[in-house]
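Going left to right, the sequence shown walks through residues -22 to -1, 1 to 403 as mature numbering (1 follows the signal peptide of the UniProt record, and there is no 0) numbers them. Glycine residues also receive a C-beta, built at the ideal position from the N, C-alpha and C atoms. Here the structure is a predicted model, which means the values were calculated and not measured. Right, one structure below, let's go through it.
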Amino acid sequence: MIKKTLLTTAATTALLAAPAYANCPIQVGVLHSLSGSMAISETTLRDVMLMLVDQQNAKGGVLGCQLEAVVVDPASDWPLFAELTRQLLTVNEVDVIFGAWTSVSRKALLPVLEELNGLFFYPVQYEGQESSRNVFYTGAAPNQQAIPAVDYFLEELGVESFALLGTDYVYPRTTNAILESYLLSKGIAAEDIFVNYTPFGHADWSTIVGDVIGLGAGGKQVGVISTINGDANIGFYTELAAQGVSADDIPVVAFSVGEEELSGLDTSRLVGHLAAWNYFMSADTPANEEFIAAWHEFIGDENRVTNDPMEAHYIGFNMWVNAVEAAGTTDVDAVREAMWGQEFPNLTGGTAVMNTNHHLSKPVLIGEIRADGQFDIISQTEEVPGLAWSPFLEDSATLVSDWQELECGMFDTATETCVQLTSNY
C-alpha cells in the first residue's frame, strides 16, 4: 500500500508539472437521438450541449483551445449508437462524448467505447448494475430515484398495492426487479405487486389502465411506479384521464417524465401525479435562475423548459472541463483520474461530487405535477451517493465499484476479487 501511495503521489506530481496539451479545436461528441421515438426527450439534450460548448468558448475554451461540437443523430436506433460512437472516436477523433438516453442505447455503444478507450458522459437515470472505466454516470442510480420514490409511496401516501409499469427494455426490467425485491423486504405481498411491460411507442393503454384500477378492488391503496419511456407516456397519461383516474385515486410516480415530456401534454388532468428526479425547473435558487435565463437566451424561446438530464449534462460537462484543466491534457486516462473527487454546484443547491465508482452524489427530489406542466417540489434530500450495484439483488449484493483504489468496477467483497474489468455483465 505504501509503495502504491508513493507511485500515485509521483504520478500526480508529474501530471501537475506537465505542460498543458490538447489538439485545437477540442472535439466534443454529442450523441443524442434527433429523430425516432426518443427525439421527444433527447433533442433538448443536444441543444443544451451546444449551449454549454458555446458558453465555454466565450470563457476562452479549454487549455487555450476552442471547443467544437460534433453532433450526430442515432435516430433512436440502438445499433446505430454503436456505429456512430465508432465514427466519433475514429473518424471525428473526438476527445469526449456526451450522449444517449435509454439503457439499451448505452449498452449498445459500451463495447466500442471500451475497445477504443473513449470517454463518455451519460446524463439519464438508469438501472445501475454497471460501472465502466470509460463512463461517468451523471444521472440517478436506483438508490437516488427509484428507492426514494417507493419510500415516499409507502411512508407518505400509504400505498399497499403497486403497479410497476415499464417500457420493455433493460432499464425498466432491472429497476423493477430491484423494486420488487425492495417491496418484498418492506412487507408488501407478492400478489400486491403487478408488473407489466410494453414496447416503445405503445399507444393502446385501455386494458392496462383497467387492470391497474382493478388492483384496488379489495380496498387497498394502489400506486403506479412508471418506467415508461418516450412518447408512450402521452398515451398512458391520456388513458388515465379518459378512465377518470386522478392522483387522489391512484397516484403515479414517473422516472422518465419531466418538464420536457409534459410540455406536449394537456396537464390539467394530471395535477397531483408525481415524478422523482434530482432536479426540477421550479427549484428556487440563484444558480437555477441564471441557468434558465441563459437557456432561454441561447434557445431564443422563453417557453422552452429545463429538466433533470439537462442539469446532469451541465454538471458533467463542467466537471469534465475542470478535470481537463487539472490534468493539463484531454488524454482520456489522465482526465478520467482527474474526475475522481470533482465537485460542482447543483442547480437545486448543495454540491455534486464525482465518486470513484463513476457515479455522482446528488439530492433526490419528489415533484408534484402542476396544471402549468411544472412541478411543486414536495420532498428533497441531502446529497445521496449513487450506488453502481444494488444490495437488493442477490447477484450484486456483495459487489462494489472503485476505480481509484481497487481499480475495478465489479469487485466482489465476499471473495475480495475483481470479477471483471469490462462492462459486458
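Take residue 301, set aside five residues on each side of it, and the residues of its chain with a beta-carbon closer than 7 Å to its own are 313, 316, 317, 320, in chain order.
The beta-carbon distance between residue 98 and residue 75, rounded to whole angstroms, is 5 Å. This is short enough to meet the 8 Å contact definition. In terms of CA proximity to residue 69, 6 leads the group 273, 6, 179. Scanning its chain for C-beta atoms nearer than 8 Å, with the 5 sequence neighbours on each side dropped, one finds around residue 270 the residues 259, 284, in chain order. DSSP places residue 141 inside the beta strand (DSSP E), whose first and last residues are 139 to 145. Taken in chain order, the complete beta strand (DSSP E) segments of 3 or more residues contained in the segment 136 to 223 are 139 to 145, 171 to 176, 200 to 205. Around the beta carbon of residue 382, fewer than 16 other beta carbons lie within 10 angstroms, which makes this residue exposed. Straight across, the Cα-Cα distance linking residue 22 with residue 394 is about 43 Å. Its Cα nearest to that of residue 240, the residue 215 stands out among 215, 225, 261, 220. Exposed is the label assigned to residue 280, since fewer than 16 other Cβ atoms lie within 10 Å of its Cβ.
Straight through space, the alpha carbons of residue 79 and residue 13 are spaced by roughly 13 Å.
Take the alpha-carbon of residue 310 and the one of residue 252: they are about 39 Å apart. Annotation: residue 379 is outside any alpha helix (DSSP H); the continuous beta strand (DSSP E) that includes it extends over 377 to 380. Residues 175, 176, 177 of the same chain have their beta carbon placed closer than 7 Å to that of residue 146, with the five preceding and five following residues left out of the count. Under DSSP, the beta-bridge partners assigned to residue 340 are 362. Comparing alpha carbon positions, the residue from 368, 365, 345 closest to residue 357 is 345. Per DSSP, the beta bridge partners of residue 43 are 40. Residue pairing by DSSP puts residue 332 in a beta bridge opposite 338. Scanning the segment 54 to 82 from its first residue to its last, the whole alpha helix (DSSP H) runs of 4-plus residues come out as 56 to 68.
Annotated three-state conformation of residue 255 is strand, per DSSP. Looking at the DSSP output, residue 233 bridges to nothing. Within 10 angstroms of the beta-carbon of residue 85 lie 16 or more other beta-carbons, which makes it buried. According to the DSSP secondary-structure assignment, residue 386 is paired through a beta bridge with 380. Residue 401 is positioned such that its CB atom lies closer than 8 Å to that of residue 110. When DSSP reads this structure, residue 323 sits in a beta bridge with 329. Burial state of residue 386 is buried, judged by a 10 Å Cβ sphere holding 16 or more other Cβ atoms. Taking 8 Å as the cut-off, the beta carbon of residue 18 is found closer than this to the beta carbon of residue 242. Per the C-alpha coordinates, the member of 217, 335, 227, 181 positioned closest to residue 195 is 227.
For residue 187, the closest alpha carbon among the candidates 123, 65, 140, 169 is that of 140. Around the beta carbon of residue 38, fewer than 16 other beta carbons sit within 10 angstroms, so the residue counts as exposed. Residue 99: not part of any alpha helix (DSSP H); member of the beta strand (DSSP E) spanning 98 to 100, first to last residue. Burial is judged here by how many other beta carbons sit within 10 angstroms of a residue's own beta carbon; residue 349 has fewer than 16 and is exposed. The Cβ atoms of residue 363 and residue 324 do not sit closer than 8 Å to each other.
Assignment of residue 373 by DSSP, reduced to helix, strand and coil, places it in the helix class.
Per DSSP, residue 8 is one residue of the beta strand (DSSP E) stretching across 4 to 9. Between residue 250 and residue 347, the gap from beta carbon to beta carbon is short of 8 Å.
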